[in-house]
Amino acid sequence: MPELPDVERYRRLLETGGMHRKIAKVSVINARILDSVAPKKFETALTGAALLETRRRGKHLLVRHDRGGWITMHFGMSGDLVLAATGEEPPPYTRIRFDFEGGGLLAYVSRRMLGRVGLTDDAEAFCRDRDLGIDALDPSLDRRTFIALVAGSRRGAKAALMDQGVIAGIGNIYSDEILFQTRLHPKARLEALDEVTLGRLYDAMRRVLEVAIERGAGSEEFLDRLPRGYLLPHRKKTGKCPRCGAPLATLKLGSRTSWFCPHCQPASRREN
DNA sequence: AGCGATGTTCGCCG
DNA sequence: TCGGCGAACATCGC
Numbered sequence: 325m326p327e328l329p330d331v332e333r334y335r336r337l338l339e340t341g342g343m344h345r346k347i348a349k350v351s352v353i354n355a356r357i358l359d360s361v362a363p364k365k366f367e368t369a370l371t372g373a374a375l376l377e378t379r380r381r382g383k384h385l386l387v388r389h390d391r392g393g394w395i396t397m398h399f400g401m402s403g404d405l406v407l408a409a410t411g412e413e414p415p416p417y418t419r420i421r422f423d424f425e426g427g428g429l430l431a432y433v434s435r436r437m438l439g440r441v442g443l444t445d446d447a448e449a450f451c452r453d454r455d456l457g458i459d460a461l462d463p464s465l466d467r468r469t470f471i472a473l474v475a476g477s478r479r480g481a482k483a484a485l486m487d488q489g490v491i492a493g494i495g496n497i498y499s500d501e502i503l504f505q506t507r508l509h510p511k512a513r514l515e516a517l518d519e520v521t522l523g524r525l526y527d528a529m530r531r532v533l534e535v536a537i538e539r540g541a542g543s544e545e546f547l548d549r550l551p552r553g554y555l556l557p558h559r560k561k562t563g564k565c566p567r568c569g570a571p572l573a574t575l576k577l578g579s580r581t582s583w584f585c586p587h588c589q590p591a592s593r594r595e596n
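In this note's numbering, the protein residues as written are 325 to 596.
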């Protein structure tokens, strides 16, 4: 489930339940999940360390510890982060387990093994190395900055929203919602959009991500909690547009399925 | 039984 | 150089 709103939930989970807690034991259950660090080294580096600070950049979660470095987490397509009580069975597909002193544990879960966990000394350098653009909810990303960033690009709107090097945090699911709210076709060329439209795209991006966080992105009841008029709950076969009732359409873009309403998000002649 | 899935990366092509 | 595509990664659920 991990796009920006989900990773933000993980971050808040840690902020509430994992800060200033000392790690008594680290268990790397599947070493392949580690990003260029040996399991032994990872375990040694963190055993006895206390967690001090959380940071999120796009879909990456960074956790600072008291030995002067950071734990880096990315969740791939099927990742999760869970706090459990000692004695409680950690979830299936837990790949790394951190047991806290005084009870409780943090489980890094990844079914498909597409996520990565690693260590870094420098959070900024880590993001730079990965060419991560500005976080989609960064306070300094105002409307004007956003427009300057995307205006004139020959790319399709969906491809641009999902490019982590431009704006970090938006994936396949949320780009569909943002485009639906803006009533833009997934293939709409950014260079063909005027500033007013790009402004609406920005507004939808911020609103959708904030609403998703606020309504508990990734939780069991999340889809039921979304405001009426959101695409996400209908993003499936037989799904109907919540605005006009038309059957939703799909499109393959770079091997990802894009869901949209062909009536509310019509293609201009150029995209056909 | 086969296909698709909330991500990233890399090589290829126009 | 840019932008898009498809495969690969690994695994499960419908």
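Glycine included, each C-beta is placed from N, C-alpha and C at the ideal position. All values reported here derive from a predicted model rather than from experimental measurement.
For Arg-452, count neighbouring Cβ atoms within 10 angstroms of its own Cβ and tell me buried if that reaches 16, exposed if not.
exposed
Round the Cβ separation of Gly-403 and Ser-360 to the nearest angstrom and send it over; I've been treating them as touching at under 8 angstroms.
That pair is no contact at about 18 angstroms.
What residues are listed by DSSP as bridge partners for Asp-459?
DSSP, once it has assigned bridges, lists Ala-492 as partnering Asp-459.
Determine the contact status of Ile-420 and Val-352, defining contact as a CB-CB distance below 9 angstroms.
Contact: yes.
Between Trp-583, Asp-466, Lys-576, Ser-579, which lies nearest to Thr-562 when the distance is taken from Cα to Cα?
Trp-583
Return the Cβ separation of Thr-381 and Leu-465 in integer angstroms, given the expectation that the two are a contact with Cβ distance under 8 angstroms.
Just to set this straight, residue 381 is Arg in the shown sequence, not Thr. Not confirmed; about 12 angstroms, so no contact.
Integer-rounded CB distance, given that Ala-460 should sit under 8 angstroms from Ile-491
5 angstroms
Can you tell me whether Lys-383 is buried or exposed, with buried defined as 16 or more other CB within 10 angstroms of its CB?
That one is buried.
Considering only the beta carbon of each residue, do Leu-338 and Val-387 sit closer than 9 angstroms?
Yes, these two residues count as a Cβ contact at 9 angstroms.
For Ala-573, which residues from the same chain have a beta carbon less than 8 angstroms from its beta carbon, with the 5 sequence-adjacent residues on both sides left out?
Excluding the 5 residues flanking it on each side, Ala-573 has same chain C-beta neighbours closer than 8 angstroms at Trp-583, Phe-584, Cys-585, Pro-586, in chain order.
Just verifying my parser: in three-state terms, what is the DSSP assignment at Ile-347?
strand
Roughly how many angstroms lie between the CA atoms of Ala-447 and Glu-515, to the nearest whole one?
34 angstroms
Ordered along the chain, which non-local residues of its own chain (more than five positions away) have a Cβ less than 7 angstroms from that of Arg-478?
The residues Arg-513, Glu-515, in chain order, have a CB closer than 7 angstroms to that of Arg-478 in the same chain once the five nearest residues on each side in sequence are set aside.
Among Ala-541, Arg-580, Phe-450, nearest to Pro-645 - alpha-carbon criterion:
Any question about residue 645 goes unanswered here, given that the chain covers just 325 to 596.
Option nearest Ala-570 by Cα separation, candidates Gly-578, Leu-577, Gln-589:
Gln-589
Do Val-441 and Ile-347 have their C-beta atoms within less than 9 angstroms of each other?
no
Ignoring anything shorter than 4 residues or poking outside the stretch 377 to 446, list the alpha helix (DSSP H) runs there in chain order.
none
Going by beta-carbon coordinates alone, are Phe-470 and Leu-430 separated by less than 9 angstroms?
no
Roughly how many angstroms separate the alpha carbons of Leu-324 and Ile-537, rounded to a whole number?
No information on residue 324 is available, as it lies outside the stretch 325 to 596 that the chain covers here.
Distance, Cα to Cα, Arg-391 vs Cys-565?
In a straight line, the C-alpha of Arg-391 is about 51 angstroms away from that of Cys-565.
Check Gly-480 in the structure and name its three-state DSSP category.
strand
Can you tell me which of Gly-411, His-389, Leu-385, Glu-413 puts its alpha carbon nearest to the alpha carbon of Gly-400?
Of the listed residues, the one whose Cα sits closest to Gly-400 is Leu-385.
Could you tell me how far apart the beta carbons of Phe-450 and Arg-345 are, in whole angstroms, since I believe they sit closer than 8 angstroms?
In this structure Phe-450 does not touch Arg-345 by the C-beta definition: roughly 23 angstroms separates them, more than the 8 angstroms allowed.
C-alpha gap between Glu-413 and Glu-501, whole angstroms
35 angstroms
Ala-570 (DSSP reduced to helix, strand or coil)
Of the three classes helix, strand and coil, the one that applies to Ala-570 here is coil, per DSSP.
Is it buried or exposed for Asp-445, if we count other Cβ within 10 angstroms and need 16 for buried?
Around the beta-carbon of Asp-445, fewer than 16 other beta-carbon atoms lie within 10 Å, marking it exposed.
I'd like the list of long-range same chain contacts for Gly-411, defined as Cβ closer than 8 angstroms, with 5 residues on each side in sequence excluded.
For Gly-411, where only same-chain residues beyond five positions count, there are no Cβ hits under 8 angstroms.
Give the range of the alpha helix (DSSP H) segment to which Arg-580 is assigned.
Note, Arg-580: premise wrong, no alpha helix (DSSP H); beta strand (DSSP E) at 580 to 584.
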